[in-house]
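A.B. asks:
There are 2 protein chains.
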Amino acid sequence: MAVVKMKREMRKKIDLGAKIAPYPMPVVLIGANVNGKANFLTAAWFTMATYNPPKVAVALNKAHYTNQGIRENKTFSVCIPSMGMLEATDYCGLVSGSKVDKSGVFDFFYGKLKTAPMITGFPVNVECILDKVVDNGSHEMFIGEVMSTYTEEKYLTDGVVDFKKTKPFILSMNDRQYHALSKPKARAWSAGKNYKP
Amino acid sequence: MAVVKMKREMRKKIDLGAKIAPYPMPVVLIGANVNGKANFLTAAWFTMATYNPPKVAVALNKAHYTNQGIRENKTFSVCIPSMGMLEATDYCGLVSGSKVDKSGVFDFFYGKLKTAPMITGFPVNVECILDKVVDNGSHEMFIGEVMSTYTEEKYLTDGVVDFKKTKPFILSMNDRQYHALSKPKARAWSAGKNYKP
Numbered sequence: 099m100a101v102v103k104m105k106r107e108m109r110k111k112i113d114l115g116a117k118i119a120p121y122p123m124p125v126v127l128i129g130a131n132v133n134g135k136a137n138f139l140t141a142a143w144f145t146m147a148t149y150n151p152p153k154v155a156v157a158l159n160k161a162h163y164t165n166q167g168i169r170e171n172k173t174f175s176v177c178i179p180s181m182g183m184l185e186a187t188d189y190c191g192l193v194s195g196s197k198v199d200k201s202g203v204f205d206f207f208y209g210k211l212k213t214a215p216m217i218t219g220f221p222v223n224v225e226c227i228l229d230k231v232v233d234n235g236s237h238e239m240f241i242g243e244v245m246s247t248y249t250e251e252k253y254l255t256d257g258v259v260d261f262k263k264t265k266p267f268i269l270s271m272n273d274r275q276y277h278a279l280s281k282p283k284a285r286a287w288s289a290g291k292n293y294k295p
Numbered sequence: 099m100a101v102v103k104m105k106r107e108m109r110k111k112i113d114l115g116a117k118i119a120p121y122p123m124p125v126v127l128i129g130a131n132v133n134g135k136a137n138f139l140t141a142a143w144f145t146m147a148t149y150n151p152p153k154v155a156v157a158l159n160k161a162h163y164t165n166q167g168i169r170e171n172k173t174f175s176v177c178i179p180s181m182g183m184l185e186a187t188d189y190c191g192l193v194s195g196s197k198v199d200k201s202g203v204f205d206f207f208y209g210k211l212k213t214a215p216m217i218t219g220f221p222v223n224v225e226c227i228l229d230k231v232v233d234n235g236s237h238e239m240f241i242g243e244v245m246s247t248y249t250e251e252k253y254l255t256d257g258v259v260d261f262k263k264t265k266p267f268i269l270s271m272n273d274r275q276y277h278a279l280s281k282p283k284a285r286a287w288s289a290g291k292n293y294k295p
């Protein structure tokens, strides 16, 4: 019976082929000085890369204007927006810094690295030194070591950044939709403790 | 006045230091055959790496049992769970395949690569060939080329995977919480069209 059930289940599977993986993508802006001016590019192919030392990774199409600036200064920032900054964030993905000067879109500041612009009005900004660039085809991956994490007291609960306060948002790339996050639903590294396979 | 306002804004900024970036992380299971048995590891440091050809990247601590299997077979899978599979997903992050046989946690299947186990009950499974491994310190990044994307008709709307149906979830690593996604809030590559900086 189990085999029959499994065969029935398998018949439902369809293969969409070699595609962009349909997972929920975090929306960030990548900040860099390009030709001496602050520039911000919307990106969603972003992840932590390692814990010790903390490094992040962002995959950018090789055609982007931003890439030149990251190479030039060996620094970049990861600016994590709130839902309330969605329009400005989306805008930075619609226009290229090679055609439009995006240095006026946001009030911005520099941290200790001096060349990675960060957005004053965003709840979180992460300042990075370029560690390496990995060529993957149409996109290259910039891996950067985290130097600083700028936020404000009002975004913290018990000393850590609280998504209920920072209100980050998510891209569904396949159907081109932005989603907010729900309130917390379960504890991580805990919800599965009593799970019996 | 503008300078005074900006100085006031900047005084609110605090630097949390070199930390894990507080962004919303997608929760996936990485499937691999290790020592001839299917194994599944919970991971959240995951992103698309490139579009052409489509490749994904996942950063795993070097100590993980799964890493051996990916190296051995040069294949792995990315299994994207629904909110309803949260307990089983969390469980796979609490126990190591080196101590517990996780091949019985899920019904699973193999695709064309034959050695990347995928979870029958999950809405989306992505089958990958290992492209390269990038050493970043405590973690190594496995970059894999997407071969297939398995789903079911019931998870699609107009031919693409619909998060309202697959119900993926998000990890907030700092405060160890899982979040669901809201309904779509705005259109991507569209919401910023009328934005005036």
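For the record, the sequence lines run as chains A and B.
Mapping of the first sequence onto our numbering: residues 99 to 295, in sequence order.
Mapping of the second sequence onto our numbering: residues 99 to 295, in sequence order.
For glycine and all other residues, C-beta sits at the position ideal for the given N, C-alpha and C.
For clarity, every value in this text was computed on a predicted model and none was experimentally measured.
Cβ of Val-102(B) less than 7 Å from any chain A Cβ?
C.D. replies: Taking the second sequence and counting its residues from 1, the one referred to as residue 102(B) is at position 4. With 7 Å as the cut-off, Val-102(B) does not count as an interface residue toward chain A.
A.B. asks: Verify whether the separation of the beta carbon atoms of Ala-136(B) and Phe-207(B) is less than 7 Å.
C.D. replies: Looking up residue 136(B) in the second sequence gives position 38. Looking up residue 207(B) in the second sequence gives position 109. No, they are not a contact pair.
A.B. asks: Taking the C-alpha atoms as reference points, what is the distance between Gly-219(B) and Trp-143(B)?
C.D. replies: Your numbering for residue 219(B) matches position 121 in the second sequence. Your numbering for residue 143(B) matches position 45 in the second sequence. Computed Cα separation, rounded: 22 Å.
A.B. asks: Note down, in chain order, every chain A residue with its Cβ under 9 Å from the Cβ of Lys-283(B).
C.D. replies: Here residue 283(B) corresponds to residue number 185 of the second sequence, with the count starting at 1. Neighbours of Lys-283(B) on chain A, chain order: Met-181, Leu-184, Phe-267, Gln-275, Tyr-276, His-277, Ala-278.
A.B. asks: In angstroms with no decimal places, state the Cα-to-Cα distance between Asp-229(A) and Gly-235(B).
C.D. replies: Counting from 1 along the first sequence, the entry for residue 229(A) is found at position 131. Counting from 1 along the second sequence, the entry for residue 235(B) is found at position 137. Using only the alpha carbons, I get a separation of about 11 Å.
A.B. asks: Rounded to whole angstroms, what's the CA-CA distance from Cys-177(A) to Met-108(A)? Just pull it up for me.
C.D. replies: Counting from one through the first sequence, the residue named residue 177(A) turns up at place 79. Counting from one through the first sequence, the residue named residue 108(A) turns up at place 10. Approximately 42 Å, taken between the alpha carbons.
A.B. asks: Interface residues of chain A around Gly-235(B) at Cβ under 8 Å?
C.D. replies: Indexing the second sequence from 1 puts residue 235(B) at position 137. The contacting residues are Thr-148, Tyr-149, Asn-150, Pro-151, Lys-153.
A.B. asks: Roughly how many angstroms separate the alpha carbons of Ala-130(B) and Pro-282(A), rounded to a whole number?
C.D. replies: Working through the second sequence from its first residue, we reach residue 130(B) at position 32. Working through the first sequence from its first residue, we reach residue 282(A) at position 184. About 30 Å.
A.B. asks: Please report how far the alpha carbon of Met-216(B) lies from the alpha carbon of Ala-289(B), in whole angstroms.
C.D. replies: Numbered from 1 along the second sequence, position 118 holds the residue referred to as residue 216(B). Numbered from 1 along the second sequence, position 191 holds the residue referred to as residue 289(B). Met-216(B) and Ala-289(B): Cα-Cα distance of roughly 36 Å.
A.B. asks: Check the DSSP bridge columns for Ile-241(A) and list the partner residues they point to.
C.D. replies: By one-based count along the first sequence, residue 241(A) stands at place 143. Its beta-bridge partners are Ala-155(A), Lys-230(A).
A.B. asks: State the Cα-Cα distance for the pair Leu-279(A) and His-277(B), rounded to the nearest angstrom.
C.D. replies: In the first sequence, residue 279(A) corresponds to position 181, counting from 1. In the second sequence, residue 277(B) corresponds to position 179, counting from 1. Rounded to the nearest angstrom, the two C-alpha atoms are 6 Å apart.
A.B. asks: Identify whether Gly-129(B) lies in helix, strand or coil by the three-state DSSP scheme.
C.D. replies: Reading the second sequence from its first residue, position 31 is the one you call residue 129(B). Note: Gly-129(B) maps to strand in three-state DSSP.
A.B. asks: Using CA atoms only, rank isn't needed, just tell me which of Met-104(A), Thr-173(A), Thr-255(A) is closest to Val-224(A).
C.D. replies: As a working note, residue 224(A) is residue 126 in the first sequence. Selected option, being the one with the closest Cα: Thr-173(A).
A.B. asks: Can you name the residues of chain B whose CB is closer than 9 Å to the CB of Thr-255(A)?
C.D. replies: Taking the first sequence and counting its residues from 1, one reaches residue 255(A) at position 157. Result: Asp-273.
A.B. asks: Find out if the Cβ-Cβ distance for the pair Tyr-248(B), Asp-113(A) is shorter than 7 Å.
C.D. replies: Translated into positions along the second sequence, residue 248(B) becomes position 150. Translated into positions along the first sequence, residue 113(A) becomes position 15. Yes. Within cutoff.
A.B. asks: Beta-carbon of Thr-164(A) versus every beta-carbon of chain B: anything under 7 Å?
C.D. replies: Within the first sequence, residue 164(A) is the residue found at index 66, counting from 1. False, the Cβ-Cβ gap to chain B never drops below 7 Å.
A.B. asks: Check the C-beta distance from Leu-211(B) over to Trp-287(A) and give it rounded, since I have them as a contact under 8 Å.
C.D. replies: Locating residue 211(B) in the second sequence gives position 113, counting from the first residue. Locating residue 287(A) in the first sequence gives position 189, counting from the first residue. Incorrect: roughly 31 Å between the Cβ atoms, too far for contact.
A.B. asks: Spatial neighbours of Lys-262(B) within its chain, please: CB distance less than 7 Å, with the 5 preceding and 5 following residues excluded, ordered by chain position.
C.D. replies: Taking the first residue of the second sequence as position 1, residue 262(B) is located at position 164. Same-chain partners within the cutoff: Lys-281.
A.B. asks: Starting from Tyr-189(B), trace the alpha helix (DSSP H) in both directions and tell me its first and last residue.
C.D. replies: Start at 1 with the first residue of the second sequence, and residue 189(B) comes out as number 91. Note, Tyr-189(B): alpha helix (DSSP H), 184 to 192.
A.B. asks: Tell me the rounded alpha-carbon separation between Phe-204(A) and Ala-186(B).
C.D. replies: Locating residue 204(A) in the first sequence gives position 106, counting from the first residue. Locating residue 186(B) in the second sequence gives position 88, counting from the first residue. When rounded, the distance between both Cα atoms is 43 Å.
A.B. asks: Taking DSSP as the reference, what is the three-state secondary structure of Arg-274(A)?
C.D. replies: Here residue 274(A) is taken as the residue at index 176 of the first sequence, counted from 1. If DSSP states are grouped into helix, strand and coil, Arg-274(A) belongs with coil.
A.B. asks: Any Cβ of chain B within less than 7 Å of the Cβ of Tyr-208(A)?
C.D. replies: Here residue 208(A) is taken as the residue at index 110 of the first sequence, counted from 1. For Tyr-208(A), the answer is no, since every Cβ of chain B falls outside 7 Å of its Cβ.
A.B. asks: Spatial neighbours of Ala-147(A) within its chain, please: C-beta separation below 7 Å, excluding the five flanking residues on both sides.
C.D. replies: Numbered from 1 along the first sequence, position 49 holds the residue referred to as residue 147(A). The residues are Lys-153, Val-154, Ala-155, Ile-241.
A.B. asks: Go to Asn-137(A), then tell me how far its beta strand (DSSP E) extends in each direction, as first and last residue.
C.D. replies: Taking the first sequence and counting its residues from 1, one reaches residue 137(A) at position 39. 135 to 141 is the extent of the beta strand (DSSP E) around Asn-137(A).
A.B. asks: Give me the Cα-Cα distance between Glu-243(A) and Asn-150(A), rounded to the nearest whole angstrom.
C.D. replies: By 1-based counting over the first sequence, the position of residue 243(A) is 145. By 1-based counting over the first sequence, the position of residue 150(A) is 52. Distance between the alpha carbons of Glu-243(A) and Asn-150(A): 10 Å.
A.B. asks: Just checking Pro-295(B) against the ligand FMN - is the residue's beta carbon closer than 6 Å to any of the ligand's heavy atoms?
C.D. replies: Because no ligand of any kind appears in the structure shown, any question about the ligand FMN cannot be addressed here.
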